[in-house]
Amino acid sequence: MNRSVLLQRLKHEWLLLLFAALAFVLAILDPHPLRDHQRWLRLPTLAGLFGLMLAIQGIRDSGWVQRIAGALVERAHSVRTLGLLLVSMTAVLSMVLTNDVSLFLLVPLTVAIGDMSNLPVLRMVILEALAVNAGSTLSPIGNPQNLLIWQYEHLPFLSFMRTMLPTAGIMFAMVAVLTWCWLPRGRIELHTQAESQPTSMLLGLLSLVALSMMVMLMEHGQPLLGAGLVIVPFLFEYRTFARLDWLLLATFAAIFLSLGHLAELPIVQAGMNTLDLEQPLNLYVGGIVASQLISNVPATVLLLNRAPDAMALAVAANVGGFGIAIGSLANLIALRLAKQPHALGLFHKVSVPFLLVCAPLVYVAWIAMH
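Numbering (the numbering used here), first residue to last: 162 to 531.
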């Protein structure tokens with residue numbers, strides 16, 4: 162990518178520029194040693210994202226996504242049926258492969274289906290972003306905040322799932338209803354045959370191996386090793402490296418750096434100390450509001466040592482993944498992978514009301530269960 166093209170692209174990367182500017186201003190106003198900036202940057206998380214993005218880009222370049230998309234379209238009876246299938250797949254995968262991995266797999270598939278049919282891609286991707294938040298809520302390995310709280314509480318795997326089941330159930334039921342009501346009725350229409358797409362069996366197999374290896378090493382706390390090893394299958398596939406969304410990685414780096422610093426400002430810490438988190442409603446609302454401001458993973462880190470009930474915080478942080486896009490980094494991944502115009506505006510028109518309805522329903526269910 163030459164300099165003029167890069168500058169042209171940067172004009173549209175307002176999220177990257179915004180958080181990079183915030184990180185710069187905070188570094189000037191509140192100086193910290195280099196080791197703090199390295200901690201906020203969360204290099205293991207960035208390494209994990211890089212490995213996942215590279216493996217999924219290889220799968221996309223192999224042509225397998227287009228083939229699978231064509232097979233799904235040909236077997237679907239209606240747009241709504243296909244939509245429910247996709248959100249269900251997204252939710253289930255997020256329980257096992259984490260929310261980010263699920264989106265890296267399903268959003269390219271959804272875009273490919275939209276390219277060859279009348280499926281409304283942007284609506285579907287927004288629904289998948291909601292579904293991945295709902296599905297990952299149930300599993301202790303579904304998202305970073307759950308993993309953190311699971312390790313903190315030392316709960317058995319199934320006990321964690323039983324505790325989160327009512328919350329995840331309400332979330333997914335709402336996503337399913339929204340999918341059925343928001344997607345157009347009528348049959349799915351195939352415009353382009355998937356068989357016309359060139360495919361590479363070797364690249365597809367290498368990419369699947371790389372993806373499996375990356376997920377396994379991330380599960381065992383070795384994302385840096387995984388990122389190093391995942392490069393090997395692509396050493397002779399330079400075009401896959403060239404197509405990688407490097408600016409997305411830079412955006413996440415800026416978000417981690419700026420929000421990590423923001424969460425540790427004395428004024429923010431002082432504000433947290435004034436909250437009476439012994440009150441269930443305060444903890445619930447505080448977790449959701451903090452997630453809307455600094456994303457649900459930093460919010461969990463910020464509140465975990467102050468929360469008298471870590472599982473109540475898990476509920477709040479997962480609900481806080483809805484609403485503003487920054488509430489969950491999975492939202493930003495989904496919208497970025499979709500590459501659809503006006504995506505952020507439509508996402509907020511749907512996700513903010515979704516949060517306003519979901520939050521009280523989940524709270525009533527949680528209080529009733531406890």
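In this text, a Cβ means the ideal position worked out from N, Cα and C, and glycines have one as well.
- Taking the Cα positions, alanine 473 is about 11 Å away from valine 523.
- Linking threonine 435 to proline 427 through their CA atoms gives a straight-line distance of about 13 Å.
- In chain order, Val476 place their CB closer than 6 Å to the CB of tryptophan 527, counting only its own chain and leaving out the 5 sequence neighbours on each side.
- As a beta-bridge residue in DSSP terms, leucine 351 pairs with Ser278.
- Taking a 10 Å sphere around the C-beta of arginine 221, we find 16 or more other C-beta atoms and assign the residue as buried.
- Using a Cβ distance threshold of 8 Å, alanine 237 and isoleucine 349 count as a contacting pair.
- CA-CA distance, alanine 188 to histidine 381, rounds to 33 Å.
- For proline 327, the enclosing alpha helix (DSSP H) starts and ends at 318-343.
- Going by beta carbons, threonine 259 and phenylalanine 417 fall outside the 8 Å limit.
- DSSP, reduced to helix, strand and coil, places proline 459 within a helical segment of the structure shown.
- In this structure, DSSP gives glycine 365 a helical state, which the three-state scheme calls helix.
- Apart from the 5 residues on each side of it in sequence, serine 456 sits with its Cβ closer than 8 Å to the Cβ of Ile416, Leu420, Ile487, Gly488, Ser489 and Leu490 in its chain, given in chain order.
- Distances from the alpha-carbon of valine 286 to those of His503, Trp175 and Leu176 put His503 closest.
- With distances taken between CA atoms, tryptophan 175 lies nearest to Leu505 out of Leu505, Gln430, Arg228 and Gln199.
- Contact between methionine 332 and alanine 295 holds: their C-beta atoms lie close to 3 Å from each other, under 8 Å.
- Residue nearest to methionine 322 within the set Leu299, Leu438 and Ala403 is Leu299 (criterion: CA-CA distance).
- Residue state for glutamate 235 is assigned as helix, using DSSP reduced to three classes.
- For serine 419, the uninterrupted alpha helix (DSSP H) segment begins and ends at 407-424.
- Ranked by Cα distance from asparagine 443, the options Val429, Glu425 and Arg467 are led by Arg467.
- In the three-state reduction of the DSSP assignment, alanine 468 falls in the coil class, being assigned neither a helical nor a strand state.
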